[in-house]
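What follows is a set of notes on a single structure, which appears directly below.
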Amino acid sequence: MTLSTTNSDAPTPEYQATAKKLGLSHMWVGFVAFAAAIPMGLYQVAERSNLFASLESREVYYASVTTHGVLMAYVLTTFFIMGFGYFAALHSLKQNVWSPLFSWAGFVIALVGTVMAAVPLLLGQASVMYTFYPPEMAVTPFYLGAALLFIGSWFWCVDMIVGMMQWRRANPGMAVPLVMFGTTINALLWLWTSMGATLEVLLQILPMQFGWVDTIDPGLARTFFSWTLHAIVYFWLFPAYIAMYAIMPRESGGKLFSDELARVAFVMLFIFSVPIGFHHLYMDPQQAAGWKLLHMFGTFMVAVPTFITGFTILATLEISGRLRGGKGLFGWIAKIRWNNPMTLAAMLSMLMLTAGGFGGVINASYSMNALIHNTQWITGHFHLIFGGTSVIMYFAVAYWAWPRITGRRLASTRMALWQLWLWFWGMLLTTLPWHVLGLLGQPRRVDTLPYGEELNALWNPHEVVMFSGAVMLTVSAVLFIIVLVRSHFSERLPEVPEVVFATAIHQPLRVPHLLNSLAFWNWAMLVYMLASYGYPLLQFAFIGTPQSIPFGFGE
Amino acid sequence: MAFHIDKLEKRWIFMVAGFVLMAWGIQIYYAVQGWHPPSNVEVIDSAQLHLATGVGGDEFSEQNIGVKRDADGQLIVTMVAARYGFYPQEIELPQGEAFKIRIASFDVLHGIYVPLTNLNMMLVPGYVSEATTMLNNLGDYPMLCHEFCGMGHAYMFGNVKIVPQDEFKL
């Protein structure tokens, strides 16, 4: 191991230069997508609320919902995860990517795909929601663009896996740095996760778009998509957890409570995220009850790594609070570094995870799911888990990474802290009314609410609260972009801050092989996937579903 | 290889394991009592719902839809979902009596949901969706489509009227 040098005359190692360029380009694409999607969110909330009659336009509304979903769920996430992944991986391993050309090729392919899908989305030619369920079809470039985005992201996956293998060969027996272990598991997770939607597009949608076949089985398409639809959420959540485990402890002035248990949590998140997608199909007719029950068991297993993470992160925060003089059962809470963006974001993220996780238990329930399936409750749930828990950590990572990339002071820590608090309260004010609205029977994904005055009277007070929350979220997003842009022009730091990751109280040099290698878990995933998706997919070969013809969405 | 685990962590993991077992237990308890989501895996030719010759027959043809009793006296509701409505557009059901609802899509993906109840199903073209439930409160409820199905999606809803059992006539 080399000791990191603080001598500013020493030439910057090549890996650092690559990490900065790859990190910055990817993350900026993600955040530009985020900035574009935010006003759409505000518009949608206003449009569907019935509070502003002049805004009503179903064509604009459904185009906006689809674009907002694609930009936030596919573009922001994928590019942020790739950028953060490159930045964390190269710094933690202190080695360059095996081929910068290969990495940049992935970036360009993903970017071209994004633009190719964005054009029809904005023109209203692909208003099929980001879930694009057949037999309603968008124009072909939408699917090709989405496919290119996926293909580009696989280049990153290969880079992460190759990087980890190279490092392990060069450092036999040593524990792969925790941040790299988590990032590589997420890359492997994404390869598995993205395969469901990829099969749907390759085997069903594109053959129909190209005119090779005339019909499609929507039941098979939904089964393929359920394979992607749940695990993708863990792909988004993973970098948030990685930042909490590997960056937050140092930023909060403490130490990580446990390195090994973090690895256990990562492995469990991997195994129990993909083969459990049927809780999205509980209300579907094309899968039998027994398979749904089987997936229910796995869905609840996700509680284990989630609770482990909650414990470790809160224990870590408590240690930092006590090191800073906090006394008594709760005294440490006042003493943690509330004025450090990463520490604050971790705390707020944990609070939103708690609220969102509670809702998730209802969604995962085999029979209670009927009460909330496809209601506004669902929209509330995933905004709390993704927009809240995950994205608030994306902000914190950006605030941490920007000075380390640009060599300039973060433009305003004060504004960053305001931004995080606003996001937190805005998210609660938006999503908690959505949960209530769902319980009161409001469906999701509707541009207006024509179901009668009685229901509207029940819903309206909550609509007003959610609108105020959406305004706060918008202000927060604007502040975020302002801080990032200003940080490119702020005062130059005397020295670029080092990229150093947190160590644990008992920092292990070596860990058990199963917590240092992915091969076994990859095979375990294959077996679990065959068991949970094998027959449910195979059945479509012999149940003889009469196929559906394609439809547009504009009629 | 040394695997360091704190005593507190061990205790916590036991608690989490307890939580998961409890959650599983609750799920199994209700599943055993017959609370299953709609899962009948039954295929039908959505493009030929009106023809007796299509796969699945003419159960959903115009003259066969509506509320009926079968030979055992069980209430059966047979419906078609098509852009942008449910057919028949209005049905009447007795308060608190279990009924079986069977519904097929005529075109694209739809859903059916009666707010404030557990009547909630996806309607996938090519498949028949079936559930057995009851509605306990008197009055009119919208039966609405809750899966995006095209530009008219928000206006796709019908009406279910719940009447006291002694006022219910077929």
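Chains A and B supply the protein sequences, listed in that same order. Residues 1 to 555, numbered by this note's numbering, are exactly what the first sequence covers, in order. Residues 1001 to 1170, numbered by this note's numbering, are exactly what the second sequence covers, in order. Ideal placement from N, C-alpha and C gives every residue a C-beta, glycine not left out.
Counting C-beta pairs closer than 8 Å gives three or more between the stretch 363-377 of chain A and the stretch 293-303 of chain A, which meets the contact rule. A Cβ-Cβ contact shorter than 8 Å links Leu-261 of chain A with Glu-1009 of chain B. For Tyr-1087 of chain B, the closest Cβ of chain A is not nearer than 8 Å.
In terms of Cα proximity to Gly-1057 of chain B, the closest of B:Val-1160, B:Ile-1005, B:Ile-1028, B:Val-1128 is B:Val-1128. Ranking A:Gln-95, A:Thr-66, A:Glu-59, A:Phe-52 by CA distance to the CA of Ala-17 of chain A puts A:Gln-95 first. Closest in C-alpha terms to Gln-442 of chain A, from the list B:Phe-1148, B:Gln-1165, B:Asn-1159, B:Leu-1144, comes B:Leu-1144.
The C-beta of Ala-175 of chain A has 16 or more other C-beta atoms within 10 Å across all chains shown, which makes the residue buried. Between Ile-185 of chain A and Leu-428 of chain A, the gap from beta carbon to beta carbon reaches 8 Å or more. Taking CB atoms only, Leu-1109 of chain B has a neighbour in chain A less than 8 Å away. In the DSSP assignment, Phe-79 of chain A falls within the unbroken alpha helix (DSSP H) covering 77-93. A buried status is given to Ser-1039 of chain B, since no fewer than 16 other beta-carbon atoms sit within 10 Å of its beta-carbon.
Close to Gln-1027 of chain B, with beta-carbon spacing below 7 Å, are these residues of chain A in chain order: Met-296, Ser-365, Tyr-366.
Within the same chain, and ignoring the five residues on either side of Thr-215 of chain A in sequence, the residues whose Cβ sits closer than 7 Å to its Cβ are Gln-547, Ser-548, Ile-549.
Excluding five sequence positions before and after Tyr-1155 of chain B, the CB atoms of its chain that fall closer than 8 Å to its own CB belong to Tyr-1084, given in chain order. Ser-49 of chain A and Phe-107 of chain A do not touch by the CB rule: their CB atoms are close to 39 Å apart, not below 8 Å. Between Met-160 of chain A and Thr-183 of chain A, the C-beta spacing is below 8 Å. Spatial neighbours of Leu-220 of chain A in its own chain (CB-CB distance under 6 Å, excluding positions within 5 residues in sequence) are listed in chain order as Phe-540. With a cutoff of 8 Å on beta-carbon distance, Phe-181 of chain A and Phe-266 of chain A are scored as near each other. For the pair Leu-371 of chain A and Glu-1042 of chain B, the Cα-to-Cα distance works out to about 23 Å. Interface annotation for the stretch 280-293 of chain A against chain B: Leu-281, Tyr-282, Met-283, Asp-284, Pro-285, Gln-286, Gln-287, Ala-288, Ala-289, Gly-290, Trp-291, Lys-292, Leu-293, criterion Cβ-Cβ distance under 9 Å. In this structure, B:Gly-1139 is the residue among B:Gly-1150, B:Gln-1027, B:Gly-1139 with its C-alpha nearest to the C-alpha of Gly-452 of chain A. Leaving aside the five residues that flank Leu-269 of chain A on each side, the residues in its chain whose CB is nearer than 6 Å to its CB run, in chain order, Tyr-234, Pro-305. Chain order gives no chain B residues near Gly-41 of chain A, where near means a beta carbon separation below 8 Å; the closest approach is about 17 Å.
By the neighbour-count criterion, in which 16 or more other beta carbons inside 10 Å mark a residue as buried, Lys-20 of chain A falls on the buried side. Per the C-alpha coordinates, the member of A:Gly-469, A:Leu-229, A:Pro-172, A:Leu-121 positioned closest to Glu-200 of chain A is A:Leu-229. Only Met-1121, Met-1122, Leu-1123, Val-1124, Pro-1125, Gly-1126, Tyr-1127, Val-1128, Ser-1129, Glu-1130, Ala-1131, Thr-1133, Gly-1139, Asp-1140, Tyr-1141, Pro-1142, Leu-1144, Cys-1145, His-1146, Glu-1147 from the stretch 1121-1147 of chain B bring a Cβ to less than 9 Å from some Cβ of chain A.
Residue pairing by DSSP places Asn-1159 of chain B opposite B:Glu-1090, B:Pro-1142 in a beta bridge. With the criterion set as a beta carbon lying under 9 Å from some beta carbon of chain B, the members of the stretch 427-447 of chain A are Leu-439, Leu-440, Gly-441, Gln-442, Pro-443, Arg-444, Arg-445, Val-446, Asp-447, in sequence order. Classified as exposed, Asn-339 of chain A has fewer than 16 neighbouring CB atoms from the shown chains inside 10 Å of its CB. Taking a Cβ-Cβ threshold of 7 Å, the residues of chain B close to Gly-219 of chain A are Val-1124, Gly-1126, Tyr-1127, in chain order. Listed as beta-bridge partners of Ile-216 of chain A by DSSP are A:Ser-548. Its chain contains Leu-440 as the residues whose beta carbon lies nearer than 6 Å to that of Leu-458 of chain A, once the 5 sequence neighbours on both sides are disregarded; these appear in chain order. Look at Phe-181 of chain A here: in three-state DSSP terms it is helix.
8 Å or more divides the Cβ of Cys-157 of chain A from the Cβ of Leu-121 of chain A. In the displayed model, Tyr-533 of chain A falls within a helix according to three-state DSSP.
In its chain, beyond the 5 residues on either side, Ile-1065, Met-1079, Val-1080 have a beta carbon closer than 7 Å to the beta carbon of Tyr-1087 of chain B.
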